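**Student:** Dumping the structure here so I can ask a few things about it.
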Amino acid sequence: MGIASRLQETFYRVTGQTELAEVVKAERQMVAHLQESIADLEARMYEPGWQRLTTMADQEFSRDGLRQISAVNRLMALKNPLIKRGLALRMAYVWGQGVEISARDEDVNDLIQSFLDDPGNKRCLTGAQAREENERALDTDANLFWALFTNPRTGKVKARSIPWDEIADVIANPEDSSEPWYYKRVYYETSTDPITGGQTSRHRTVYYPALGYRPDGPKPLRVRDQTGEAAEVMWDAPVFHMKVGGLKGWKFGLGVVYAAIDWASAYKDFLTDWATLVKALSRFAWRLTSKGSKQAAAKARIAAAPATDRYTGEGQRAGATALMTPDMALEAVPKSGATIDSESGRPLAAMTASALDLPVTMLLGDPGVTGARATAETLDSPTERTMEHRRQAWTETFQAILGYVIAAAAKAPQGPLKGTVTVDDGVETVELAGGVEATLDISWPDIDDIDPATVIDSITKADQTGYLPPLVIVRLLLEALGVKDVDEIVQELTDEDGNFKPPEGAAGMAGQAAVDAFRRGEDPARMLGGDRTDQSPDQDQGDGGDGGDHSGDDEADSDPESPDQPDRRRQRKSAD
111 MGIASRLQET FYRVTGQTEL AEVVKAERQM VAHLQESIAD LEARMYEPGW
161 QRLTTMADQE FSRDGLRQIS AVNRLMALKN PLIKRGLALR MAYVWGQGVE
211 ISARDEDVND LIQSFLDDPG NKRCLTGAQA REENERALDT DANLFWALFT
261 NPRTGKVKAR SIPWDEIADV IANPEDSSEP WYYKRVYYET STDPITGGQT
311 SRHRTVYYPA LGYRPDGPKP LRVRDQTGEA AEVMWDAPVF HMKVGGLKGW
361 KFGLGVVYAA IDWASAYKDF LTDWATLVKA LSRFAWRLTS KGSKQAAAKA
411 RIAAAPATDR YTGEGQRAGA TALMTPDMAL EAVPKSGATI DSESGRPLAA
461 MTASALDLPV TMLLGDPGVT GARATAETLD SPTERTMEHR RQAWTETFQA
511 ILGYVIAAAA KAPQGPLKGT VTVDDGVETV ELAGGVEATL DISWPDIDDI
561 DPATVIDSIT KADQTGYLPP LVIVRLLLEA LGVKDVDEIV QELTDEDGNF
611 KPPEGAAGMA GQAAVDAFRR GEDPARMLGG DRTDQSPDQD QGDGGDGGDH
661 SGDDEADSDP ESPDQPDRRR QRKSAD
């Protein structure tokens, strides 16, 4: 287009059509500017002397450009204190109080908890360390990939992370770019010989189907890219892609660290210059004024070693006395007009905080000069909304992955669940047998520090309405109290049919103890607090005898349910 535009411009100028020539020139310059705009942003991520990479289009960073941006973001997350603290704060907001994941059906919940507790899954997805690493990776790389390796016989799923740098491209639906079909992975597979210790590497290219994608016809075993190279498709390991940042229509996301790098570096340079200035001012602390004839003597005097204390022998470096002639003057170097307040760089830190969606008060660990607490609380509210949105993104991620875990268990011949599979317009739906509910409950604690007594009072009032199921009330109460492993406690309060089983309180336990005593042939009244004693051997055992003496050393039995027997305790007679 550039050569044709120049020829057209030359033609217009030769023929005297100057206005048209200027229009063509302006159009050519505008096109060149738009084509170079994204490339200029990528070039800023390179130090002088590095190879300059261009973009494949003016709408999205190239894959090489994103790879370089991620590398710089990771370095800044380790080296720059502002970036490092900002990412730590974001992780604490999202994952500081954990998350509770469970299923309402007992069998489904057992499957979910088994997946969450699997050691391999905890290393890359469900463990505390994995959560921290994944959250930091979202801020630097903005893209996370999990391959869900599935056993076709048992339906067991193992989640494994795929490095972001190894994903080369996303093949989407030609008619709908928002629907991914395959993820292209290019990497080197390294194997080590256990005997010799030697390593061998081979270059591999594989394709992973996107989670939820099912072709209309038979599944292809190999897929060709634009260059005609064919590679294997891993149908037993669909991939889920979690991305944040970026713009609509982009294949990949863009980390928040990218927007903060320039301002974090500027704040670092400002503090470096400020420290240099303070160090320069501290070089000369005193100014000695003397006449020309005395300058040589004054210079020699200053260069001489300080006098020593006659008692300790140490040099008098502080608190010494200066003895000078009347024509010499010693005064401190004035610093007015030569200093810069370190707080002058606070706007640079505020720009860094804005890029990370954090209050500057928390990023710097300093509430500022005025309105410390009120300012911090005001700035914290938008941050909480942002972090709640990130939690929702994680909720959708867990729902997608765990939904696949349930479906795989139901489809497998020897899976722990049974169900039917239906495919409608390329979308696979699994319905569990027996009307089993596959609903997942993903509960996040409140980010705000709310008094548990207030929450419990609200839950109690809601329970009094009688519209909430008991299991829901129990779960809410346990979460309000901060109890860990809520699912295990709820499972103990659920019977085999999934219904609520009330816990046995003091009365319930006493009643069960009385039943157990009766079965052992013992007196159950003792378990209920009764004072029943053995009858006297000479006591008449008849039922309503003929005037026999019922008094004795021991108290007679009484039947509280008999209408002829008064419900009172007889007094024991003392023997003579």
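So the sequence shown is numbered by the numbering used here: it starts at 111 and just counts up by one. Note that CB positions come from ideal geometry on N, CA and C, so glycine has one too. Just so it is clear, the structure is predicted and the values come from calculations on it, not from any experiment.
I'd like to check one pair, T302 with E339: are the Cβ atoms closer than 9 Å?
**Tutor:** Taking the sequence shown and counting its residues from 1, the one referred to as residue 339 is at position 229. Taking the sequence shown and counting its residues from 1, the one referred to as residue 302 is at position 192. Result no, Cβ atoms of E339 and T302 do not sit closer than 9 Å.
**Student:** Determine the direct distance from the alpha carbon of V343 to that of V296, and round the result to whole angstroms.
**Tutor:** Here residue 296 refers to the residue found at position 186 of the sequence shown. Here residue 343 refers to the residue found at position 233 of the sequence shown. Approximately 13 Å between the Cα atoms of the pair.
**Student:** Would L258 pass as a contact of V349 if the rule is Cβ separation under 9 Å?
**Tutor:** Taking the first residue of the sequence shown as 1, we reach residue 258 at position 148. Taking the first residue of the sequence shown as 1, we reach residue 349 at position 239. Taking 9 Å as the Cβ cut-off, L258 and V349 qualify as a contacting pair.
**Student:** Could you tell me if R585 is buried or exposed, where buried requires 16 or more neighbouring beta carbons within 10 angstroms of its beta carbon?
**Tutor:** For the purposes of this step, residue 585 is taken as the residue at position 475 of the sequence shown. By the neighbour-count rule (16 or more Cβ atoms within 10 Å), R585 is buried.
**Student:** Starting from V218, trace the alpha helix (DSSP H) in both directions and tell me its first and last residue.
**Tutor:** Taking the first residue of the sequence shown as 1, we reach residue 218 at position 108. Where V218 is concerned, the enclosing alpha helix (DSSP H) stretches over 216-227.
**Student:** Would you list the one or two residues that DSSP bridges to F259?
**Tutor:** In the sequence shown, counting from the first residue as 1, residue 259 sits at position 149. DSSP lists K268 as partners of F259.
**Student:** If V218 and L527 are in contact, beta carbons under 8 Å, what's the gap, nearest whole angstrom?
**Tutor:** Reading the sequence shown from its first residue, position 108 is the one you call residue 218. Reading the sequence shown from its first residue, position 417 is the one you call residue 527. About 7 Å separates the two Cβ atoms, so the contact holds.
**Student:** Just list the residues that DSSP pairs I687 with in beta bridges.
**Tutor:** With the chain covering only 111 through 686, there is no way to say anything about residue 687.
**Student:** Got a sec, what are the start and stop residues for the beta strand (DSSP E) K294 sits in?
**Tutor:** Stepping through the sequence shown from its first residue, residue 294 is reached at position 184. Its beta strand (DSSP E) spans residues 286-302.
**Student:** Check whether the segment 532-551 and the segment 506-523 touch, using three or more Cβ-Cβ pairs below 8 Å as the test.
**Tutor:** yes
**Student:** If A282 and L364 are in contact, beta carbons under 8 Å, what's the gap, nearest whole angstrom?
**Tutor:** Start at 1 with the first residue of the sequence shown, and residue 282 comes out as number 172. Start at 1 with the first residue of the sequence shown, and residue 364 comes out as number 254. So it is not a contact: roughly 18 Å between Cβ atoms.
**Student:** Suppose the cutoff is 7 Å on Cβ atoms and the five residues either side in sequence are ignored; what does the same chain contact list for Q574 look like?
**Tutor:** Stepping through the sequence shown from its first residue, residue 574 is reached at position 464. Cβ within range, chain order: n/a, list empty.
**Student:** What's the C-alpha gap between T564 and G175?
**Tutor:** As a working mapping, residue 564 is identified with position 454 in the sequence shown. As a working mapping, residue 175 is identified with position 65 in the sequence shown. If I take the Cα positions, the gap works out to 51 Å.
**Student:** When you compare the segment 176-184 with the segment 222-237, are there three or more beta-carbon pairs, one atom per stretch, that lie closer than 8 Å?
**Tutor:** no
**Student:** In whole angstroms, what separates the C-alpha of Q309 from that of D279?
**Tutor:** Along the sequence shown, read from residue 1 onward, the residue named residue 309 stands at position 199. Along the sequence shown, read from residue 1 onward, the residue named residue 279 stands at position 169. Those two C-alpha atoms are separated by around 28 Å.
**Student:** R214: which of D607, M497, P613, P612 sits nearest, CA to CA?
**Tutor:** The residue given as residue 214 occupies position 104 in the sequence shown. Ranking the options by Cα distance to R214, first place goes to D607.
**Student:** Looking only at its chain, what residues have a beta carbon closer than 7 Å to the beta carbon of I569, apart from the 5 residues adjacent to it on each side?
**Tutor:** Counting from one through the sequence shown, the residue named residue 569 turns up at place 459. Here the set comprises I583, L586, L587, A590.
**Student:** Skipping 5 residues on each side, what residues in its chain have a beta carbon closer than 6 Å to that of T507?
**Tutor:** Here residue 507 corresponds to residue number 397 of the sequence shown, with the count starting at 1. Only M352 meet the Cβ criterion.
**Student:** Distance, Cα to Cα, T643 vs K611?
**Tutor:** Taking the first residue of the sequence shown as 1, we reach residue 643 at position 533. Taking the first residue of the sequence shown as 1, we reach residue 611 at position 501. Residue placement at T643 is poorly supported in this model, since its pLDDT is 46, which falls under 50; the coordinates are not used for a value here.
**Student:** Rounded C-beta distance between A465 and A370? I'm assuming under 8 Å.
**Tutor:** Start at 1 with the first residue of the sequence shown, and residue 465 comes out as number 355. Start at 1 with the first residue of the sequence shown, and residue 370 comes out as number 260. That belief holds up - the Cβ atoms of A465 and A370 are roughly 4 Å apart, short of 8 Å.
**Student:** In terms of DSSP beta bridges, what is D551 paired with?
**Tutor:** Translated into positions along the sequence shown, residue 551 becomes position 441. S212, per the DSSP bridge assignment.
**Student:** Taking the C-alpha atoms as reference points, what is the distance between R173 and E245?
**Tutor:** On the sequence shown, position 63 is the one that residue 173 refers to. On the sequence shown, position 135 is the one that residue 245 refers to. When the Cα atoms are used, R173 and E245 turn out to be separated by approximately 22 Å.
**Student:** On the DSSP bridge list, what partners appear for H313?
**Tutor:** On the sequence shown, residue 313 is found 203 positions in, with the first residue counted as 1. According to DSSP, which records beta bridges pairwise, H313 is partnered with Y298.
**Student:** Give the DSSP-derived three-state secondary structure of M352 in the structure shown.
**Tutor:** Locating residue 352 in the sequence shown gives position 242, counting from the first residue. Of the three classes helix, strand and coil, the one that applies to M352 here is strand, per DSSP.
**Student:** Among the candidates G359, V367, R312, D605, whose CA atom is the shortest distance from the CA of E289?
**Tutor:** What you label residue 289 is simply residue 179 of the sequence shown in a count that begins at 1. Comparing Cα-Cα distances from E289 to each of G359, V367, R312, D605, the minimum goes to G359.
**Student:** Among the candidates A131, T496, H499, T549, whose CA atom is the shortest distance from the CA of Q509?
**Tutor:** Here residue 509 corresponds to residue number 399 of the sequence shown, with the count starting at 1. Here the closest residue by C-alpha is T549.
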